[in-house]
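A.B. asks:
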Amino acid sequence: MSQPQHLFILTGASRGMGLAMAEQLLQGPANTLVCLARNTQDALTAAAKASGATLEQWQQDLSQGEQAAARLKDWLAAQAPGRFASATLINNAGTIPRIAPLSDSDPGDLANALRVGLESPMQLTAAFLGATGGWDATARKVLNISSGLGRRAMASQAAYCAAKAGMDHFTRCVALDEAHKPHGAKVCSLAPGVIDTDMQVQLRGAAPEAFPDRENFANLKTGGQLTSPADAATRVLAWLDRADFGTNPVADVRDAQ
Numbered sequence: 002m003s004q005p006q007h008l009f010i011l012t013g014a015s016r017g018m019g020l021a022m023a024e025q026l027l028q029g030p031a032n033t034l035v036c037l038a039r040n041t042q043d044a045l046t047a048a049a050k051a052s053g054a055t056l057e058q059w060q061q062d063l064s065q066g067e068q069a070a071a072r073l074k075d076w077l078a079a080q081a082p083g084r085f086a087s088a089t090l091i092n093n094a095g096t097i098p099r100i101a102p103l104s105d106s107d108p109g110d111l112a113n114a115l116r117v118g119l120e121s122p123m124q125l126t127a128a129f130l131g132a133t134g135g136w137d138a139t140a141r142k143v144l145n146i147s148s149g150l151g152r153r154a155m156a157s158q159a160a161y162c163a164a165k166a167g168m169d170h171f172t173r174c175v176a177l178d179e180a181h182k183p184h185g186a187k188v189c190s191l192a193p194g195v196i197d198t199d200m201q202v203q204l205r206g207a208a209p210e211a212f213p214d215r216e217n218f219a220n221l222k223t224g225g226q227l228t229s230p231a232d233a234a235t236r237v238l239a240w241l242d243r244a245d246f247g248t249n250p251v252a253d254v255r256d257a258q
């Protein structure tokens, strides 16, 4: 008897925790992984070849969420409804614009941050849930990668905080939508902890006069309080596998500690 197949769709898979999640998901030979990112990664191609997993890498600017959602919807529509035992969308991509008070921010930077961090996840989630709505035999999940900054305000971080707060709240709304359906998806907006990524480098490198919390982020690095991307990915994927996934539509990996 053939092994059940599992579908994962992951945004922001070309670096940081997204790349680490992709590498770990590709360890399962029964997994099909579709990555949406600005760049492809040869390391992922090699990992898929080594394990026998199925990989597609779509070079996609996630500030163009409508285009990404249309492509995803068409791809899902072409799949046989009974092909996958489970289907999971992981909205991981996000971006921080130039770190500055809102009064000094560029309108284009603000628009890009909100498109990548909020608009695109909403559009992809809508496409995913709509296209798989008839897959009654498939367990469906949406995992949105949020942040503590979606729940705590910070100076010079208006766009990022707003995007993550919006992600949390739209996840709550989708959870209510899906609860009314006979085969509704499980959804969760999850804060993954503080991770040693390029985003942290950006925060530590900000001008002190523009970013009052700069020193706090520098201290996280020097104090060894940052989680590696690989460890963070392991914790996030373990949360995804929990039997109670989606019971709390807004959660934090540190809740389990």
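Under this note's numbering, the first residue of the sequence shown carries the number 2, and numbering increases by one thereafter.
For glycine and all other residues, C-beta sits at the position ideal for the given N, C-alpha and C.
(1) What first and last residue would you give for the beta strand (DSSP E) that runs through Ala192?
(2) Could you give the first and the last residue of the continuous beta strand (DSSP E) run that contains His7?
(3) Once you ignore the five residues that flank Leu119 on each side, which residues in its own chain have a CB closer than 7 Å to its CB?
(4) For Ala38, which of helix, strand or coil comes out of DSSP?
(5) Could you pull the DSSP bridge partners for Thr89 from this structure?
(6) Restricting to runs no shorter than 4 residues, where is the alpha helix (DSSP H) found entirely within the region 209-245?
(7) In the DSSP assignment, what residue or residues form a beta bridge with Ala33?
(8) Going by DSSP, which residues form a beta bridge with Val251?
(9) With a 10 Å radius around its C-beta and 16 neighbouring C-beta atoms as the bar for buried, classify Thr89 as buried or exposed.
(10) Could you tell me which whole alpha helix (DSSP H) segments of length 4 or greater appear in the region 93-141?
(11) Is it true that the CB of Ala192 sits closer than 9 Å to the CB of Gly149?
(12) Return helix, strand or coil for Gln60, following the three-state DSSP convention.
(13) Between which two residues does the alpha helix (DSSP H) containing Ala163 stretch?
(14) Among residues of its own chain, excluding the 5 on either side of Ala176, which ones have a beta-carbon nearer than 6 Å to its beta-carbon?
(15) Apart from the five residues just before and just after Thr33, which ones in its own chain have a Cβ nearer than 6 Å to its Cβ?
(16) With C-beta atoms as the reference, is Pro82 less than 9 Å away from Gly131?
(17) Since Leu27 is in the alpha helix (DSSP H), which residue starts that stretch and which ends it?
(18) Taking the continuous alpha helix (DSSP H) assigned at Asp256, which residues delimit it?
(19) Output the distance between the C-alpha atoms of Ala239 and Leu144, rounded to the nearest integer angstrom.
(20) Hey, is the region 17-33 in contact with the region 232-246, meaning 3+ C-beta pairs nearer than 8 Å?
(21) Whole angstroms are fine: how far does the CA of Ala160 sit from the CA of Gly109?
(22) When burial is assigned at 16 or more other CB atoms within 10 Å of the CB, is Thr96 buried or exposed?
C.D. replies: Looking at the coordinates:
(1) Looking at the DSSP string, the run of the beta strand (DSSP E) that includes Ala192 is 187-192.
(2) Counting along the chain, the beta strand (DSSP E) containing His7 begins and ends at 7-12.
(3) Around Leu119: Ala164, Gly167, Met168.
(4) Here Ala38 carries a strand assignment [DSSP, helix/strand/coil].
(5) Bridge partners of Thr89: Phe9, Lys142.
(6) As far as the region 209-245 is concerned, its whole alpha helix (DSSP H) runs of at least 4 residues are 215-223, 230-241.
(7) Per the sequence presented here, residue 33 reads as Thr, with Ala not at that position. DSSP lists Leu8, Thr55 as the beta-bridge partner residues of Thr33.
(8) Ser190.
(9) Buried, since its Cβ has 16 or more Cβ neighbours within 10 Å.
(10) Runs of the alpha helix (DSSP H) lying entirely within the region 93-141 and spanning at least 4 residues, in chain order: 108-115, 121-132.
(11) A contact, by the Cβ cut-off of 9 Å.
(12) For Gln60, the three-state secondary structure derived from DSSP is strand.
(13) Unbroken alpha helix (DSSP H) run through Ala163: 159-180.
(14) Correct list, in chain order: Val188, Pro250.
(15) The residues are Leu8, Thr55.
(16) At the C-beta level, Pro82 and Gly131 stay beyond 9 Å of one another.
(17) That residue, Leu27, is in no alpha helix (DSSP H); it is neither H nor E in DSSP.
(18) Asp256 -> no alpha helix (DSSP H), and no H or E assigned at all.
(19) If you take the alpha carbons of Ala239 and Leu144, they lie about 12 Å apart.
(20) Contact holds: three or more Cβ-Cβ distances are below 8 Å.
(21) The straight-line gap separating the alpha-carbon atoms of Gly109 and Ala160 is approximately 11 Å.
(22) Thr96 comes out buried.
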